[in-house]
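Novice:
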Amino acid sequence: MGTQASKVFVVGVGMTKFEKPGAREWDYPDMARESGTKALEDAGIEYGEVEQAFVGYVYGESTSGQRAVYELGLTGIPIVNVNNNCSTGSTALYLAAQAIRGGLADCTLALGFEKMQPGSLGSTFDDREQPMMRHLLALAELQEFAMPPAPYMFGAAGKEHQERYGTTDEQFAKVGVKNHRHSANNPYAQFQDVYTLEEVLASKPVYGPLTKLQCSPTSDGSGAVVLASEDFVDRHGLAGQAVEIVGQSMVTDMNSTFADKSAISLVGADMTRKAAAKVYEQAGLGPADLDVIELHDCFSANELLTYEALGLCAEGDAGKLIDNDDTTYGGRWVVNPSGGLISKGHPLGATGLAQCSELTWQLRGTAGARQVEAAAGKDGVALQHNIGLGGAVVVTAYRKAEH
Numbered sequence: 001m002g003t004q005a006s007k008v009f010v011v012g013v014g015m016t017k018f019e020k021p022g023a024r025e026w027d028y029p030d031m032a033r034e035s036g037t038k039a040l041e042d043a044g045i046e047y048g049e050v051e052q053a054f055v056g057y058v059y060g061e062s063t064s065g066q067r068a069v070y071e072l073g074l075t076g077i078p079i080v081n082v083n084n085n086c087s088t089g090s091t092a093l094y095l096a097a098q099a100i101r102g103g104l105a106d107c108t109l110a111l112g113f114e115k116m117q118p119g120s121l122g123s124t125f126d127d128r129e130q131p132m133m134r135h136l137l138a139l140a141e142l143q144e145f146a147m148p149p150a151p152y153m154f155g156a157a158g159k160e161h162q163e164r165y166g167t168t169d170e171q172f173a174k175v176g177v178k179n180h181r182h183s184a185n186n187p188y189a190q191f192q193d194v195y196t197l198e199e200v201l202a203s204k205p206v207y208g209p210l211t212k213l214q215c216s217p218t219s220d221g222s223g224a225v226v227l228a229s230e231d232f233v234d235r236h237g238l239a240g241q242a243v244e245i246v247g248q249s250m251v252t253d254m255n256s257t258f259a260d261k262s263a264i265s266l267v268g269a270d271m272t273r274k275a276a277a278k279v280y281e282q283a284g285l286g287p288a289d290l291d292v293i294e295l296h297d298c299f300s301a302n303e304l305l306t307y308e309a310l311g312l313c314a315e316g317d318a319g320k321l322i323d324n325d326d327t328t329y330g331g332r333w334v335v336n337p338s339g340g341l342i343s344k345g346h347p348l349g350a351t352g353l354a355q356c357s358e359l360t361w362q363l364r365g366t367a368g369a370r371q372v373e374a375a376a377g378k379d380g381v382a383l384q385h386n387i388g389l390g391g392a393v394v395v396t397a398y399r400k401a402e403h
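With UniProt numbering, the residue at position 345 of the sequence shown is 345, and numbering never jumps.
#1: Assuming the contact rule is C-beta atoms closer than 8 Å, residue 267 and residue 133 should be a hit. Round their C-beta distance to whole Å, please.
#2: Straight-line CA distance for residue 262 to residue 225?
#3: Using the three-state DSSP reduction, which class does residue 53 fall into: helix, strand or coil?
#4: Scan the stretch 213-272 and note each continuous beta strand (DSSP E) run of 3 residues or more that stays entirely inside, going in chain order.
#5: Check whether the Cβ atoms of residue 190 and residue 304 sit closer than 8 Å, and answer yes or no.
#6: Who does residue 385 pair with in a DSSP beta bridge?
#7: Output the distance between the C-alpha atoms of residue 198 and residue 210, rounded to the nearest integer angstrom.
#8: CB residue 55 to CB residue 14, shorter than 8 Å?
#9: Determine whether the beta carbon atoms of residue 264 and residue 354 lie at a separation below 8 Å.
#10: Reducing DSSP to helix, strand and coil, say where residue 20 ends up.
#11: Among 208, 16, 38, 76, which residue has its Cα nearest to the Cα of residue 168?
#12: From residue 377 to residue 363, what does the alpha carbon distance come to, in whole angstroms?
#13: Would you call the CB atoms of residue 397 and residue 279 closer than 8 Å?
#14: According to the neighbour-count rule (16 or more other Cβ atoms, all chains shown, within 10 Å of its Cβ), is residue 84 buried or exposed?
#15: Quick one: give me the first and last residue of the beta strand (DSSP E) that residue 58 is part of.
#16: Which whole runs of the alpha helix (DSSP H) in the stretch 290-368 are 4 residues long or more, in chain order?
#17: Give the range of the alpha helix (DSSP H) segment to which residue 133 is assigned.
#18: In angstroms, rounded to a whole number, what distance separates the CA positions of residue 39 and residue 373?
#19: How about residue 35 and residue 340: are their beta carbons less than 8 Å apart?
#20: When you compare each of 351, 66, 135, 7 to residue 259 by their alpha carbons, which one comes out closest?
#21: Can you give me the C-alpha to C-alpha distance between residue 356 and residue 384, rounded to a whole angstrom?
#22: For residue 110, which residues does DSSP report across the bridge?
#23: Measure the beta-carbon distance from residue 394 to residue 87 and round it to whole angstroms, keeping in mind my assumption that it falls under 8 Å.
#24: Among 103, 370, 388, 347, which residue has its Cα nearest to the Cα of residue 192?
#25: Quick one: what does DSSP say residue 207 is sitting in, helix, strand or coil?
#26: Consult DSSP for residue 81 and reduce its assignment to one of helix, strand or coil.
#27: DSSP puts residue 10 in a beta bridge; with which residues?
#28: Would you check if there are 3 or more beta carbon pairs closer than 8 Å linking the stretch 100-108 to the stretch 225-238?
#29: Whole angstroms are fine: how far does the CA of residue 16 sit from the CA of residue 115?
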């Protein structure tokens with residue numbers, strides 16, 4: 001983000017309820033129409049004012065992005081299809097923000113959706129090398145290989161954290177307890193059930209410290225965000241609802257991902273650490289300034305690892321944060337008030353845009369029963385973290401336009 005970059009504002013957000021695959025009779029154009037219409041209505045603008053659209057999905061045919069956005073209108077604008085694994089939604093957001101930041105557009109749309117198959121994630125093409133193969137081979141040298149790959153990778157990172165720092169099964173499970181509890185107040189969440197620590201620990205073992213209630217489910221759903229320049233905000237009188245992106249960074253795998261010989265590095269901790277440092281520098285903020293955080297808890301292990309990578313605590317101390325209730329209501333930060341991926345659900349292309357929607361509502365003070373009080377104050381600050389292995393991390397910092 002250069003010194004002459006234009007400011008970028010979130011002016012409209014919308015999402016569908018996240019659903020169990022097959023639970024609702026709908027297709028991805030229906031999802032996109034619902035989330036996109038909500039975002040445009042929230043911004044108070046017509047689709048005709050959108051100059052570029054970036055549409056994310058992981059499982060779908062080429063140009064599904066066009067088919068999805070055509071539900072909102074046919075205006076001939078550039079529409080870019082985006083696929084970056086589980087960070088697809090925030091990658092679409094990053095690109096939509098970049099167009100405004102660079103002065104190429106005054107109003108852009110980031111939209112993401114996913115229509116998923118039930119069960120663990122699988123591959124689509126089996127006649128070529130899988131993009132995660134290098135990561136999996138590196139991890140198999142460290143810990144015995146298991147299927148399916150995603151819980152194996154994050155479970156292995158959790159085991160490594162336990163071996164290094166003495167983190168307990170109970171500390172990982174408390175993340176699941178917290179996020180399921182938070183989702184009880186989120187009408188958009190796939191699950192709204194509350195569980196005890198004993199129930200989370202007793203649920204089906206998956207890999208390492210992970211049990212089923214500490215793993216994000218496959219989900220159907222969509223999210224959408226309308227972004228605008230400062231001039232657009234002024235012309236449309238949107239300052240009262242606008243939320244500024246005050247820092248944003250995307251980081252992909254580095255040499256350390258593999259050279260560290262560490263499961264924690266292989267699942268993206270270094271990417272997160274570098275992206276967060278860039279965002280803190282851009283925004284002139286630090287971890288102590290944050291009020292609310294939506295981070296990528298695809299598995300409970302990743303939430304604990306991300307506490308450390310975001311600088312919320314020293315390396316090895318994440319278990320203490322969860323034990324001390326530092327990441328829930330009444331604590332130092334509220335992390336994943338939406339219920340996170342574990343309980344809200346994880347339709348890959350929509351996740352990053354649902355995180356942005358949640359944080360926008362929190363900063364506006366319109367999050368209802370899950371409102372984080374400090375976030376709604378005039379100096380409220382929010383942070384978003386979205387990761388896709390193979391690999392990309394997007395970290396974004398937000399604050400109200402008028403503060």
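Even glycine gets a Cβ: it sits at the ideal position worked out from N, Cα and C.
Specialist: From the atom records:
#1: No, residue 267 and residue 133 are not in contact; Cβ-Cβ is about 15 Å, not under 8 Å.
#2: 36 Å
#3: Reduced to three states, the DSSP call for residue 53 is strand.
#4: Within the stretch 213-272, the runs of beta strand (DSSP E) that reach at least 3 residues and sit entirely inside it are, in chain order, 221-229, 243-252.
#5: no
#6: 395
#7: Residue 198 and residue 210 have their C-alpha atoms spaced approximately 13 Å apart.
#8: no
#9: no
#10: coil
#11: 208
#12: When rounded, the separation of the alpha-carbon atoms in residue 377 and residue 363 is 8 Å.
#13: yes
#14: So residue 84 ends up on the buried side.
#15: Looking at the DSSP string, residue 58 is not in any beta strand (DSSP E), and its letter there is neither H nor E.
#16: 300-309, 318-323, 340-344, 348-364
#17: 133-140
#18: 24 Å
#19: no
#20: 135
#21: 7 Å
#22: Looking at the DSSP assignment, residue 110 forms a beta bridge with 54, 225.
#23: 5 Å
#24: 370
#25: strand
#26: strand
#27: Paired residues: 227, 243.
#28: When C-beta atoms of the stretch 100-108 are compared with those of the stretch 225-238, three or more pairs fall below 8 Å, so the two segments count as touching.
#29: 12 Å
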